[in-house]
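Q: Residue numbering for the sequence shown follows the numbering used here, starting at 20 and increasing by one per position.
Idealized CB from N, CA, C, for every residue including glycine.
As the structure is a prediction and not an experimental result, all values here were calculated from the model.
My structure is below; once you've seen it, I'll send some questions.
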Amino acid sequence: MKTCNDCSACGREIGVMRSVCVAMRAGLIVGVRIVRSTPESALRAGRVRTKNNWFRSIALSEVKCICQDLMFSGDSAGENKKEPILPEPAKKRPRIQEREIDSLIESSKMGVNTENGMADNSDAVLDKNLYSRQIYALGESAMMHLRKASVLISGIGSVGVEVAKNLILGGIRQVTIHDTRNAKWLDLSAQYYLKESDIGRNRAEASFERLAELNDSVTCHLSVEPLSENFVKQFDLTVLTDAPLSTQLLVNDWTRKHNRHFISTDARGLFGFIFVDVGAESRINDLNGERCKESLIEHVDAETGDVTTLDNVMHGLEDGDYVTFSEVRGMTELNGIEPLKITVKKPDVFNIGKVAADFSPYVEGGRFTQVKVPSTVSHKSLKESLDEPDIVMWDFAKFENPSQLHALWQALHSFEFKHKRSPMPRNDEDVELLRTELPPGAKSDEKLLRNFSYQACGNLAPIASIVGGIAAQEAMKAVMHHMTPLKQFLYIDCIEALPGDWSPFDNNKLTANDCEMKNSQYDGQVAVFGRAYQEALLKQKYFIVGAGAIGCELLKNLAMMGVACGPDGKMKITDMDQIEISNLNRQFLFRRSDVGSKKSEVAAKAVKVFNPNIKIDALSERVGAETESIFTDDFFNDLNGVLNALDNVDARRYMDRRCIYYRLPLIDSGTMGTKGNTQVVYPHLTESYGSSVDPPEKDIPICTLKNFPNEIQHTIQWARDLFEGLFTTPAETANQFIFDERGFLQRIDQMNTAHRLHILSKVEEALISERPHNAEECIKWARMNFQEYFHNMIAQLLHMFPPDQVTEQGIKFWSGSKRCPHVLDFNPNEPEHFNFVWAASILRAQQYGITPITDKKKFLAILNEIHPPPFMPKSDVKIAVTEAEAKQEEKAINDDDVDEKLQSVMMNLAKLSKKTTKSLVPIDFEKDDDTNEHMKFITAASNLRADNYEIAPADVMKTKQIAGRIIPALATTTAAVAGLACIELYKMIGDGHRLANVPLRFFKNGFLNLALPFFGFSEPIAAPKKKVGFKCADGYFTLWDRFEIQGPKKMKELIQWIKEETGLDVTMMSCGVSLIYSFFLSNDKKKERLEQDMKDIVEEVTKKKIPDYVQSIVLEVIANNKDDEDVEIPYIKFNLR
């Protein structure tokens, strides 16, 4: 195990506390070793951030202090590791036979079997619109495995229903839900598909209909009779929840006997566990689920085997990865070679060994591509694992807990077998009885033991959400053979969520009476936190921003917790989006019949099914400065906190600023595929969301996009820009001219002459010279665009830089990242050629309100009559070769006749009748509508340009993801992250409207990557303290501090108040972007300003009346000390009313 000397960097970035490495070096726990379960042990989870809506994976070269799946194990390090299996040659590879599940009704022979009748057992069908975000997370091959799998879920309690929900949403072909237990009051606190009228009814039977309707492409079956070996062996995977240990052992024996997969899981109170057994040998096609790395090559050293990437680009590979090569010139033997195992030398150099020693000399070029080579994972049975457990760490701050929880869960099963019940809440006699059931030699921390016993009857929705999300992802891994399965136990505990002596609900003072269960839907939560705490939850007032995947999961959890479910409670949720088909795969409150409806309204209605008592208001406005008349001071002042469920950085930052201003707790969360994170922002305690900023995304250089693409991402971005440039921007600009000619001309008058000419020329073309009058002209326009972009422009480029061009330095111009293109000659029989012209003509027609020609025969007849003129090279064209030249080109004025041309364009536009000229229809890019031709155009344009440059094309799915900047998403990750967010909310509950005075160490920012799997938690970073340069009792202030003064007041009164409070002299004061006072005002103006009321000054300077809903304004002040030095002070909240 490698450890770093200082974990400050990686601890800050990945959110793993320094104690991880300290504990490693200290030897951890006596008698317990840490092992790696895979050949590569790099931590790849990274710090999962949400600001840019994508997450980074930290490379092994950047982080070396923690292995990817640190775990406790009774095995010796390295045992059971298998070398990766190289793919067999195609002819020798055995054919995989897909097993078809027999009819459950015929084979089980044990009572009730019901199915939803929505899908059949035919070959897997993949609805790419429905599963698009999941396909981006898992890959199409893995998704097809899901669509052929059959899974049995036994035990439909709080965890079981969560697993079932996630797997049905995920598209498992056949899901059978099974239970022999009837619903109890305790179930109602977290099993959201049960209601009071279901008490005494079989849990699976009561939940079946609502589970089955989640996904009409999944066949759901119901069974309510005891399990048998013949029944279990039919399924690819069996998931047991809420099952006695004896049942777990028996069923695990059956699954291993018949080479099936097995998962057992449960949750009690703030505790949960998952056990995974994929068998003695299980082939995993891709251990981490990450996209394969690829990059251009600068050099291959045949003697040493070193491969250097072009332009020192980081290759992102790790020791033991496999790569193959293409486009290598000279050393052509590398092209298409079988995957080679590499070792990393430097961030831009890796080594392939001596394989190239006898190859032809390397000349230039080439590209490496990472290849995922299957590996074998070996698991032990549950019986073996009880004695020699492999335990994945949940929280690195609790190194001793997993081994103790391993013993405590066994003791609990033994207790329940012996006493036919669970330990009762706050019952000390049961604590002692549980202690006697500990395995021989096992020891447990007293606090952990007591709380585990006290909470054995507990049933919490957030914990079920976490456990069910992770367990469902493990189930998907098992049947997909994709991503690293959990090895093999995971023990979850969130005991730090219990209120301490800082809270009016101190758990240490709870009695059995406080936690007594009284046949209430909240009994499972009262058993953990007490009745008084539950009453406080009912009164909470929270605002959820976003009703997408995370928003739906948060609503579910909060409703089950009882948040805002009392007479004085209130929940508010807003989302401006409408429901789309692609949402249904993970936003489980929506159905196909809801498509087109407002998300917030449907979600608010749907969650009332879970808890009819929830007091919820649905809004459909975005949060931002323009909606502060809706989200007013009164709105925020009435809240206890905010939960972000957003998918964009601007809204996150805005809500962050709002929460700082109103001093409200904020819990932010986000996901990308299998990765997720939560962040706590707590008043006066933590840094804000905006306190740290992600590095900016790396933009594609302009010259690369325009002239020298070398990756499909470049051509897709080019095509996306082309769409905007042809169908969106010209129409918007032309409409601005039509509706407000004077204002339009005034705005562009500030630009230089060349830019004015460019804009006005586009308007003139759109409205006059190139305006189509019929569909035939639209087809001609589209065909001419094909000729321009894929023939003439390339021909002009080759005219200026011929294929054999050599630079002054004697280097081939077309080398390195510059790929020499070739022109395309239009052929209507080539699909992408035809698709480009077809889609472009339809979009052009829509832009001008013309009915397009969609009859293919008629379309082709018109198309064949169009004959573009031959290409003629231009002598006045300049092509930027470098990024600097490209940027300079954008600013330069290249036309000597620009003034004359501008006058000509202006005269043409002046003749235009604004009254009779019809406006245009700007076409906004919509990626998820297959009928609108948007993706057909962008895919065709991208692939045609890729053809120009001999770049491998991309299908519609890949093009859609890149062009639409789609974030991969999974219901499993979303459920787990929403559960973590609600665990943090538990800690914030105070008395009335007051916040709990929680010590910083009890909050957790969470980071997970379910693909590895990896779980990490860190203490939030404290709010940075700034040393004050003025009178102040504390000697510092933070982002949460401010001065507050009640108006009305004159300017001179405010300045005097600041002087008395700080000892500083005000030199300037501003409100927003307006300067309302400064030392350089004239004496007369200063005298006048000092005597004015603050509200009047702000309205006068800003030329805007302050709305009645605004109760206070923010003033920024620059002040000097007695030495005439500027001193930073907090802002001033000036209360108007």
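What span of residues does the beta strand (DSSP E) with histidine 197 cover, start to end?
A: Run containing histidine 197: 193–197, per the beta strand (DSSP E) assignment.
Q: Which residue's Cα is closest to the Cα of glutamate 730: Val712, Ala566 and Thr978?
A: Among Val712, Ala566 and Thr978, the Cα nearest to that of glutamate 730 is on Thr978.
Q: Let me know the secondary structure DSSP gives asparagine 278 once reduced to three states.
A: Reduced to three states, the DSSP call for asparagine 278 is coil.
Q: Check this for me: beta carbons of leucine 241 and histidine 280, under 7 Å apart or not?
A: Taking 7 Å as the Cβ cut-off, leucine 241 and histidine 280 do not qualify as a contacting pair.
Q: Relative to the C-alpha of leucine 963, which residue among Asp844, Glu232, Gln559 and His501 is closest?
A: Closest option to leucine 963, Cα to Cα, is Asp844.
Q: The alpha helix (DSSP H) spanning arginine 766 covers which residue range?
A: It spans 760–767 - the alpha helix (DSSP H) in which arginine 766 sits, taken as one unbroken run.
Q: Please list the terminal residues of the continuous beta strand (DSSP E) segment that includes methionine 1088.
A: From DSSP, the beta strand (DSSP E) with methionine 1088 extends over 1084–1090.
Q: With 16 as the cutoff for other CB atoms within 10 Å, does serine 10 come out buried or exposed?
A: Given a span of 20 to 1156 for the chain in the structure shown, any question on residue 10 remains unanswerable.
Q: Report back the beta-carbon spacing between alanine 490 and valine 178 to the nearest angstrom; my notes put them in contact at under 8 Å.
A: Between valine 178 and alanine 490 the Cβ distance is about 7 Å, and since that is below 8 Å, they are a contact.
Q: Among Glu807, Lys1023 and Glu743, which residue has its Cα nearest to the Cα of arginine 863?
A: Here the closest residue by C-alpha is Glu743.
Q: Contact check, alanine 475 vs proline 518 under 8 Å by CB: the rounded distance?
A: The Cβ separation is near 19 Å, so there is no contact.
Q: What would DSSP say about valine 131, mapped onto helix, strand or coil?
A: Because the pLDDT of valine 131 is 41, which lies under 50, any placement of that residue in the model is unreliable, and the question is left without a value.
Q: Could you tell me if tyrosine 150 is buried or exposed, where buried requires 16 or more neighbouring beta carbons within 10 angstroms of its beta carbon?
A: Counting Cβ neighbours within 10 Å, tyrosine 150 comes out buried, since at least 16 surround it.
Q: Can you give the Cα-Cα distance for glycine 385 and valine 900, rounded to whole angstroms?
A: Cα to Cα, the separation comes out at about 21 Å.
Q: Go to lysine 781, then tell me how far its alpha helix (DSSP H) extends in each direction, as first and last residue.
A: Here the alpha helix (DSSP H) through lysine 781 covers 772–783.
Q: Kindly give me the distance between the Cβ atoms of leucine 409 and phenylalanine 508, rounded to whole angstroms, as I take these residues to be in contact under 8 Å.
A: With the sequence shown as reference, residue 409 is identified as aspartate, and leucine is not the correct amino acid for it. The pair is a contact, with the Cβ atoms about 7 Å apart (cut-off 8 Å).
Q: Mind checking glycine 288: buried by the 16 CB within 10 Å criterion, or exposed?
A: Buried, since its Cβ has 16 or more Cβ neighbours within 10 Å.
Q: Near alanine 959, what residues of its chain come up, given a Cβ to Cβ distance below 7 Å and the 5 sequence neighbours on each side ignored?
A: Here the set comprises Glu851, Asn854, Phe855 and Ala858.
Q: Mapping the DSSP letters down to three states, classify valine 4 as helix, strand or coil.
A: What the structure shows of the chain is the stretch from 20 to 1156, and residue 4 is not part of that stretch, so it cannot be assessed.
Q: How big is the Cα-Cα spacing for methionine 803 and alanine 578?
A: Cα to Cα, methionine 803 sits roughly 58 Å from alanine 578.
Q: Rounded C-beta distance between glutamine 824 and leucine 939? I'm assuming under 8 Å.
A: Not really, about 42 Å apart at Cβ, beyond 8 Å.
Q: So, at 8 Å on beta carbons, what are the nonlocal neighbours of asparagine 1154 in its own chain, with the 5 sequence-adjacent residues on each side left out?
A: The answer, listed in chain order, is Glu1063, Ile1064, Gln1065, Gly1066, Gln1130 and Ser1131.
Q: In its own chain, which residues sit with a C-beta less than 7 Å from the C-beta of valine 1146, not counting the 5 before and 5 after it?
A: Within the same chain, valine 1146 has close Cβ partners Gly1048, Phe1049, Leu1083, Ala1138, Asn1139 and Asn1140.
Q: Rounded to the nearest angstrom, what separates alanine 209 and alanine 555 at their Cα positions?
A: Looking at the two C-alpha atoms, the distance is approximately 18 Å.
Q: Where does glycine 868 land, buried or exposed, given buried means 16+ other C-beta within 10 angstroms?
A: Exposed.
Q: Select from Phe607, Val621 and Gln606 the residue whose C-alpha is nearest the C-alpha of aspartate 613.
A: For the residues Phe607, Val621 and Gln606, the minimum Cα distance to aspartate 613 belongs to Val621.
Q: Check for me: the alpha helix (DSSP H) holding histidine 318 runs from which residue to which?
A: Note, histidine 318: premise wrong, no alpha helix (DSSP H); beta strand (DSSP E) at 313–319.
Q: Are at least three pairs of beta-carbons, each pair with one atom in the segment 525–539 and one in the segment 561–576, less than 8 Å apart?
A: No, the segment 525–539 is not in contact with the segment 561–576.
Q: Measuring only the C-alpha atoms, how far is leucine 424 from alanine 416?
A: Using only the alpha carbons, I get a separation of about 15 Å.
Q: Following the continuous alpha helix (DSSP H) through leucine 1027, name the residue where it begins and the one where it ends.
A: Not the alpha helix (DSSP H): leucine 1027 falls in the beta strand (DSSP E), residues 1024–1028.
Q: Report the option in Thr388, Gly189 and Ile813 whose CA atom is closest to the CA atom of lysine 893.
A: Per the Cα distances, Ile813.
Q: Less than 7 Å separating the beta-carbons of valine 295 and isoleucine 316?
A: Not a contact, by the Cβ cut-off of 7 Å.
Q: Distance, Cα to Cα, aspartate 330 vs proline 888?
A: Aspartate 330 and proline 888: Cα-Cα distance of roughly 41 Å.
Q: Do glycine 488 and valine 547 count as a contact pair if the criterion is CB distance below 7 Å?
A: Cβ distance not < 7 Å, so valine 547 and glycine 488 don't count as in contact.
Q: Can serine 394 and isoleucine 303 be called in contact, C-beta distance under 7 Å?
A: Contact: yes.
Q: Figure out for me which residue from Ala566, Pro684 and Ser648 has the closest Cα to the Cα of valine 626.
A: Out of Ala566, Pro684 and Ser648, Ala566 has the C-alpha closest to the C-alpha of valine 626.
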